[in-house]
Amino acid sequence: LRIAPPEAPVTGYMFGKGVYFADMFSKSANYCYAYNSGSRSGVLLLCE
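The sequence shown begins at 1 in the UniProt record's numbering and counts up one residue at a time.
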């Protein structure tokens, strides 16, 4: 993992930069793309 550069879109930093986990896929899916980038693609890692 790398820290995002300053020019990267800022979303989902409620507790600062880092890796976040959730117990529901839908909650994580809402944070896996940048809203202001115009792209609806993102990345989500699903772990058990």
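The beta carbon of each residue, even a glycine, is placed where N, CA and C say it ideally should be. Predicted, not measured: the structure shown is a model, and the values here were computed from it.
Q: Measure the alpha-carbon distance for N30 versus V19 and round it to whole angstroms.
A: 15 Å
Q) Using the C-alpha atoms, what's the distance from E48 back to P6? A) 32 Å
Q | Cα-Cα separation between V43 and F15, rounded to whole angstroms | A | Our two residues, V43 and F15, have alpha carbons roughly 20 Å apart in a direct line.
Q. Could you give the residue range of the alpha helix (DSSP H) that holds K17?
A. Unbroken run through K17: none, as it is neither H nor E.
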